[in-house]
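There are 2 protein chains.
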Amino acid sequence: MTPRAVVLLSGGMDSCVTLAHALRDGFDVAALHVNYGQRTQERELQAFTDVCDHYRVERRLVVDISHLAAIGGSSLTDRNINVDEARLDATEVPTSYVPFRNANILAIAASWAEVLAAEAIYIGAVEEDSSGYPDCRGVFFKAFEDVIHLGTNTGTNIRIVTPLISLSKREIVESGALFEAPLHLTWSCYRGSDIACGTCDSCALRLRGFHQAKVTDKIDYVVMPTYL
Amino acid sequence: MTPRAVVLLSGGMDSCVTLAHALRDGFDVAALHVNYGQRTQERELQAFTDVCDHYRVERRLVVDISHLAAIGGSSLTDRNINVDEARLDATEVPTSYVPFRNANILAIAASWAEVLAAEAIYIGAVEEDSSGYPDCRGVFFKAFEDVIHLGTNTGTNIRIVTPLISLSKREIVESGALFEAPLHLTWSCYRGSDIACGTCDSCALRLRGFHQAKVTDKIDYVVMPTYL
Chain A
1 MTPRAVVLLS GGMDSCVTLA HALRDGFDVA ALHVNYGQRT QERELQAFTD VCDHYRVERR
61 LVVDISHLAA IGGSSLTDRN INVDEARLDA TEVPTSYVPF RNANILAIAA SWAEVLAAEA
121 IYIGAVEEDS SGYPDCRGVF FKAFEDVIHL GTNTGTNIRI VTPLISLSKR EIVESGALFE
181 APLHLTWSCY RGSDIACGTC DSCALRLRGF HQAKVTDKID YVVMPTYL
Chain B
229 MTPRAVVLLS GGMDSCVTLA HALRDGFDVA ALHVNYGQRT QERELQAFTD VCDHYRVERR
289 LVVDISHLAA IGGSSLTDRN INVDEARLDA TEVPTSYVPF RNANILAIAA SWAEVLAAEA
349 IYIGAVEEDS SGYPDCRGVF FKAFEDVIHL GTNTGTNIRI VTPLISLSKR EIVESGALFE
409 APLHLTWSCY RGSDIACGTC DSCALRLRGF HQAKVTDKID YVVMPTYL
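Chain order of the listed sequences is A and B.
Residues 1 to 228 in the working numbering are what the first sequence spells out, letter by letter.
Residues 229 to 456 in the working numbering are what the second sequence spells out, letter by letter.
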């Protein structure tokens, strides 16, 4: 039997490239998408569907954890906090941080992986380039892997695979281009709307990555950063 | 300021006694209840409300993670699998096991605890007497505490407190009686209905605990085990 993997697919560029890695690694992929009450939920779900269709991924699960919005504490889910303008030189954790989000997502992925007898969970986290989120670091994923090992049935052995963890956005774009990943189907903007804003953290990181990789980003933007 | 704790309150006996411990330890309690598509969801929510009212806990959060039902794999959420009759001598993991359930619940608790600046998460897990669930063991909670430490913002320091972890059901009943915890408001039956069945794993463990502690269980049962 082809080994199975659960791939976390947000609809963003990083998770699309991560899915390409899982397929290249020979896995039968089950794609998991999580809505957590973020502003751009509908657009990201569309991107998830488009990318799954592109790769003909049949096993899909969409989960709503919008209780994270009720808990609050992040500009992505709490409409009383504004989304920051991008500050790519910032060292503090930005307001777009959703408390402990990746643990919530990985817990769901691990439950599904156990039921599917999957061997791996792929997640497109990026340590160097992730705006300082504490739950995007390699040490966090290693610790979570231990928790999965301890908290699931004997015989379950699920690895957490983070193929992008040490890549820059430039290298992710290059990797996506090499694998012919459908980056034009992905969505990164934190602010929502039909056209990406071009000025939030996520847009700025994406645009800088394409710029540095000398690859054209085929999606439209409201405003292009002045350095481009 | 009084230190805060998030207490996981299922509506069962163990979580009620755990709440009593948290209050005795001097915490300002925030109570978290999680529905996960289990058969007895409505009855457990009523017990949660009754216990919170009894203790005048004002900060309450009810979260639905019924996607665990969609994922399946457990008799508590998958109606195609029957709830086993109690086999208190069994050594294998029973069919009522929900894959990685406690990790899903703890992830939510940790997100809320970070937002509330809480110092502790109380959970009424019982290692010796927990039907062999892998995510009820002390080593699992210790590993999850490490994950919380690594995955939350600098300055967040949340302990996972398991006051019942090494107690028997008899000792839990004794502890509840000592603290005058309102055990008559709690619900344990896995099968649901207005009257507890008396024969599922959870009923059997509860009844044996009361029996051994020589305390009267004031709730009604359809069938009482023959050993009582």
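All C-beta atoms, glycine included, are put in the ideal place defined by N, C-alpha and C.
Quick caveat: nothing in here was measured; it's all calculated off a predicted structure.
Member of B/377, B/437, B/432, B/381 whose CA lies at the smallest distance from the CA of residue 454 of chain B = B/432
Through-space distance from residue 423 of chain B to residue 411 of chain B, alpha-carbon basis = 15 Å
request  = Check residue 217 of chain A in the structure and name its three-state DSSP category.
outcome  = coil
message = Can you tell me whether residue 392 of chain B is helix, strand or coil according to DSSP?
response = coil
query = Under the three-state reduction of DSSP, which class applies to residue 81 of chain A: helix, strand or coil?
reply = The pLDDT assigned to residue 81 of chain A is 45, lower than 50, so where the model puts this residue is not dependable, and the model offers no usable value.
inquiry  = Could you check whether the Cβ of residue 88 of chain A sits closer than 9 Å to any Cβ belonging to chain B?
reply    = Caution is warranted here: a pLDDT of 48 is assigned to residue 88 of chain A, below 50, making its placement in the model unreliable, and no coordinate value can be reported.
inquiry  = Please classify residue 241 of chain B as buried or exposed, where buried requires at least 16 neighbouring CB atoms within 10 angstroms.
reply    = buried
inquiry  = Run through chain B and tell me which residues come within less than 7 Å of residue 151 of chain A, C-beta to C-beta.
reply    = 328, 330, 331, 362, 363, 368
request  = Can you check DSSP and say which residues form a bridge with residue 33 of chain A?
outcome  = A/62
message = When you compare the CB of residue 61 of chain A with every CB in chain B, is at least one pair closer than 9 Å?
response = yes
Straight-line gap, residue 283 of chain B to residue 236 of chain B (C-alpha atoms, nearest Å) = 14 Å
Delimiting residues of the alpha helix (DSSP H) encompassing residue 349 of chain B = Counting along the chain, residue 349 of chain B falls outside any alpha helix (DSSP H), though it belongs to the beta strand (DSSP E) covering 348-350.
Chain B contact residues for residue 146 of chain A, given Cβ-Cβ distances below 7 Å = 371
message = Three Cβ pairs or more, each shorter than 8 Å: is that satisfied between the segment 364-372 of chain B and the segment 136-155 of chain A?
response = yes
ask   = For residue 2 of chain A versus residue 163 of chain A, is the C-beta spacing smaller than 9 Å?
value = no
task = Can you check DSSP and say which residues form a bridge with residue 256 of chain B?
result = B/232
task = Could you name the residues of the same chain whose beta carbon sits closer than 6 Å to that of residue 445 of chain B, not counting the 5 residues immediately before and after it, in chain order?
result = 438
task = Please report how far the alpha carbon of residue 436 of chain B lies from the alpha carbon of residue 398 of chain B, in whole angstroms.
result = 7 Å
query = Looking at the structure shown, is residue 39 of chain A part of a helix, part of a strand, or coil, going by DSSP?
reply = coil
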